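The numbers in numbering that gives the first Met the number 0 rise by one with no breaks, and the one at position 56 of the sequence shown is 55. The structure under discussion appears below in the form of structure tokens.
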Amino acid sequence: MDESDSNSRASPYFSGVGIAVLVVTLTGLILGLWAWWDGRDTAQTLTQTLGVKLAEQSKLQTQTAAQIDQLLKDLRESQNRVAQLEGKLAEFQGQRVALEEMYRDLARAPDDWLLAEIEQTLNIASRELVLAANVRAALIALQTADQRLARADKLQVVQLRRAITQDMERLKALPLVDTVGISLKLDNLMALAATMPLSIPDSMASGALLSRDARVTDPEENFAVRFGRDLWFEMKQLIRIRELEAGDPALLSPQQSYFLRENLKLRLLSARTALIARDDVNYKEDIKLVRGMITKYFDPKAKVNINALAMLKQFAENPVSIAPPDITASLSAARVARAARERPQRQ
Numbered sequence: 000m001d002e003s004d005s006n007s008r009a010s011p012y013f014s015g016v017g018i019a020v021l022v023v024t025l026t027g028l029i030l031g032l033w034a035w036w037d038g039r040d041t042a043q044t045l046t047q048t049l050g051v052k053l054a055e056q057s058k059l060q061t062q063t064a065a066q067i068d069q070l071l072k073d074l075r076e077s078q079n080r081v082a083q084l085e086g087k088l089a090e091f092q093g094q095r096v097a098l099e100e101m102y103r104d105l106a107r108a109p110d111d112w113l114l115a116e117i118e119q120t121l122n123i124a125s126r127e128l129v130l131a132a133n134v135r136a137a138l139i140a141l142q143t144a145d146q147r148l149a150r151a152d153k154l155q156v157v158q159l160r161r162a163i164t165q166d167m168e169r170l171k172a173l174p175l176v177d178t179v180g181i182s183l184k185l186d187n188l189m190a191l192a193a194t195m196p197l198s199i200p201d202s203m204a205s206g207a208l209l210s211r212d213a214r215v216t217d218p219e220e221n222f223a224v225r226f227g228r229d230l231w232f233e234m235k236q237l238i239r240i241r242e243l244e245a246g247d248p249a250l251l252s253p254q255q256s257y258f259l260r261e262n263l264k265l266r267l268l269s270a271r272t273a274l275i276a277r278d279d280v281n282y283k284e285d286i287k288l289v290r291g292m293i294t295k296y297f298d299p300k301a302k303v304n305i306n307a308l309a310m311l312k313q314f315a316e317n318p319v320s321i322a323p324p325d326i327t328a329s330l331s332a333a334r335v336a337r338a339a340r341e342r343p344q345r346q
């Protein structure tokens with residue numbers, strides 16, 4: 000009885016404890032599940048929020064980069080505009096300087112204009128002397144300048160006219176080299192080279208005459224005798240032995256004659272080039288070779304050849320390289336006279 004009573008009492012106790020434990024366990028499990036679910040929702044919310052923030056940040060960075068690119072583009076355009084404005088400013092300044100110079104030129108007196116033109120004329124004459132050694136052109140320029148100064152009675156330029164006169168006297172004292180005339184004559188010789196008669200040895204001409212004379216026969220001579228003599232003459236003409244004398248010109252074939260004439264033209268052209276270049280050494284050497292070719296290969300009795308040799312001899316005697324004097328004295332005097340006129344205007 001006692002054991003059954005004790006068991007009956009313990010059974011409700013343990014059953015109550017088990018229920019409590021079960022309740023606590025279920026409660027903890029429910030709380031854990033709720034906490035897990037709540038944490039999962041929170042993580043998803045944080046993930047979504049972070050994704051939105053990152054997207055917004057990326058969009059903001061893209062917008063910032065676009066704004067920076069636009070700012071750089073605007074900066075470059077501004078720099079280009081500034082450069083254009085600076086270029087226009089420099090152009091305006093240059094135009095202003097040109098206008099000021101134009102105003103000063105307009106304010107000059109006629110005498111100032113005359114001195115400026117005289118100085119320009121002297122510069123042209125100096126360039127003709129230095130670059131082309133054209134004494135004639137320089138002399139014409141100096142004479143023109145002196146004549147213009149002579150008509151300006153009010154202009155006191157005694158020193159300038161004296162310097163120009165001295166330079167003209169020095170140029171007139173130089174031997175005149177007619178470059179243009181000599182060049183034209185050389186061109187004419189080149190044209191004649193194709194028709195100038197070549198030499199024929201006198202011995203050959205006399206031999207031909209003897210041959211023709213030997214064949215003149217008596218009309219009453221026997222036909223057989225005449226036929227035999229003509230046959231023997233023709234057989235002897237097959238082989239001819241002749242001693243060439245030193246004075247006889249060389250025999251040239253038609254092809255060799257053609258190349259001889261072409262070589263003569265080339266030598267004349269070379270002499271013309273040396274003449275224009277003021278190369279006295281090569282010019283005289285080419286003239287000498289041309290004279291030798293005409294003397295050796297062309298007919299010395301032909302009038303055209305005689306005239307050509309006389310002309311070439313005259314060319315060889317005339318120098319083509321002459322060092323002309325400068326006209327520095329005239330240029331210096333012109334600059335001094337012009338500066339003396341401009342000095343009072345500046346003051």
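Every residue, glycine too, gets a C-beta built ideally from N, C-alpha and C. Keep in mind it's a predicted model, so treat the numbers as computed, not measured.
Worksheet entry | Terminal residues of the alpha helix (DSSP H) in which Leu170 lies | Residues Val157 to Lys171.
Item to complete: Output the boundary residues of the alpha helix (DSSP H) element that contains Leu130.
Response: Leu130 -> no alpha helix (DSSP H), and no H or E assigned at all.
Worksheet item: Who are Phe297's beta bridge partners in DSSP?
Response: Residue pairing of Phe297 in beta bridges, as defined by DSSP: Leu197.
Discussion item. Does Asn347 come out as helix, strand or coil in the three-state DSSP assignment?
Written reply: The chain is shown from 0 up to 346; residue 347 falls before or after that span and cannot be answered.
Worksheet item: Whole beta strand (DSSP E) runs in the segment 44-116 with 3 or more residues, listed along the chain?
Response: Counting whole runs of 3 or more residues, the segment 44-116 contains no beta strand (DSSP E) stretch at all.
Worksheet item: Should Phe91 be labelled buried (16 or more other beta-carbon atoms within 10 Å of its own) or exposed?
Response: For Phe91, the number of other beta carbons within 10 angstroms of its own is below 16, and it is reported as exposed.
Item to complete: Specify the secondary structure class of Arg334 as computed by DSSP and reduced to three states.
Response: Three-state DSSP puts Arg334 in a helix.
Discussion item. Rounding to the nearest angstrom, what Cα-Cα distance links Ile117 and Gln146 in this structure?
Written reply: Here the alpha carbons of Gln146 and Ile117 stand approximately 10 Å from one another.
Fill in: Neighbourhood of Arg337 by C-beta, 7 Å cutoff - its chain only, sequence neighbours within 5 removed
Excluding residues within five positions, the ones whose Cβ falls inside 7 Å are Leu114, Ala115 and Glu118.
Worksheet item: Under three-state DSSP, which class holds Asp325?
Response: The DSSP-derived three-state label of Asp325 is coil.
Discussion item. Any contact between the segment 158-170 and the segment 318-332? By contact I mean 3 or more CB pairs, one from each, below 8 Å.
Written reply: Two segments are said to touch when three or more pairs of C-beta atoms, one from each, lie closer than 8 Å; by this definition the segment 158-170 touches the segment 318-332.
Fill in: Residue span of the alpha helix (DSSP H) that contains Ala273, given as start and end
Pro253 to Ile275 is the extent of the alpha helix (DSSP H) around Ala273.
Discussion item. So for Ala149, helix, strand or coil by DSSP?
Written reply: For Ala149, the three-state secondary structure derived from DSSP is helix.
Item to complete: With a cut-off of 8 Å on the beta carbons, I'd call Leu121 and Ala333 a contact; round off their distance for me.
Response: Between Leu121 and Ala333 the beta-carbon gap is near 6 Å, inside 8 Å, which marks them as a contact.
Worksheet item: What are the start and end residues of the alpha helix (DSSP H) that includes Ala315?
Response: For Ala315, the uninterrupted alpha helix (DSSP H) segment begins and ends at Lys302 to Glu316.
Discussion item. I need the straight-line Cα distance from Arg340 to Asp110, nearest angstrom please.
Written reply: Taking the straight line joining both Cα atoms gives about 9 Å.
Discussion item. Please classify Gly17 as buried or exposed, where buried requires at least 16 other C-beta atoms within 10 Å of its C-beta.
Written reply: Exposed.
Item to complete: Can you have a look at Leu311 and say buried or exposed, based on whether 16 or more other CB atoms are within 10 angstroms of its CB?
Response: By the neighbour-count criterion, in which 16 or more other beta carbons inside 10 Å mark a residue as buried, Leu311 falls on the buried side.
Worksheet item: From this set, Leu175, Ile293, Trp231 and Gln155, which residue's C-alpha is nearest Val335's C-alpha?
Response: Measuring from the Cα of Val335, the nearest candidate turns out to be Gln155.
Worksheet item: Three or more beta-carbon pairs under 8 Å between the segment 303-319 and the segment 263-283, yes or no?
Response: The segment 303-319 and the segment 263-283 touch, with no fewer than 3 CB-CB distances between them shorter than 8 Å.
Fill in: Rounded straight-line distance, which links the Cα of Phe297 to that of Ser198
Whole-angstrom Cα-Cα distance: 5 Å.
Worksheet item: Val304 and Ile321: beta carbons closer than 9 Å?
Response: Residue identity check: residue 304 is Asn in the sequence provided, not Val. No. Outside cutoff.
Worksheet entry | Neighbourhood of Arg290 by C-beta, 8 Å cutoff - its chain only, sequence neighbours within 5 removed | Excluding sequence positions up to five before and after Arg290, its CB lies within less than 8 Å of the CB of Leu308, Leu311, Lys312 and Ala315, all in the same chain and listed in chain order.
Item to complete: Could you round the C-beta distance between Leu141 and Asp166 to whole angstroms and report it? I think they count as a contact, below 8 Å.
Response: Contact check for Leu141 and Asp166: beta-carbon distance about 6 Å, within the 8 Å limit, so the pair qualifies.
Worksheet item: Given Tyr282, which residues of its chain have a CB within under 7 Å of its CB, disregarding the five upstream and five downstream residues?
Response: Ala270, Ala273, Leu274 and Val319.
Discussion item. Check this for me: beta carbons of Leu191 and Pro324, under 9 Å apart or not?
Written reply: At the C-beta level, Leu191 and Pro324 stay beyond 9 Å of one another.
Worksheet item: Nearest to Ala301 by alpha carbon, out of Leu259, Leu74, Pro196 and Leu53?
Response: Of all alpha-carbon atoms in Leu259, Leu74, Pro196 and Leu53, the one lying nearest the alpha-carbon of Ala301 is that of Pro196.
Worksheet item: Quick one, are the C-beta atoms of Leu185 and Leu268 less than 9 Å apart?
Response: Going by C-beta atoms, Leu185 is nearer than 9 Å to Leu268.
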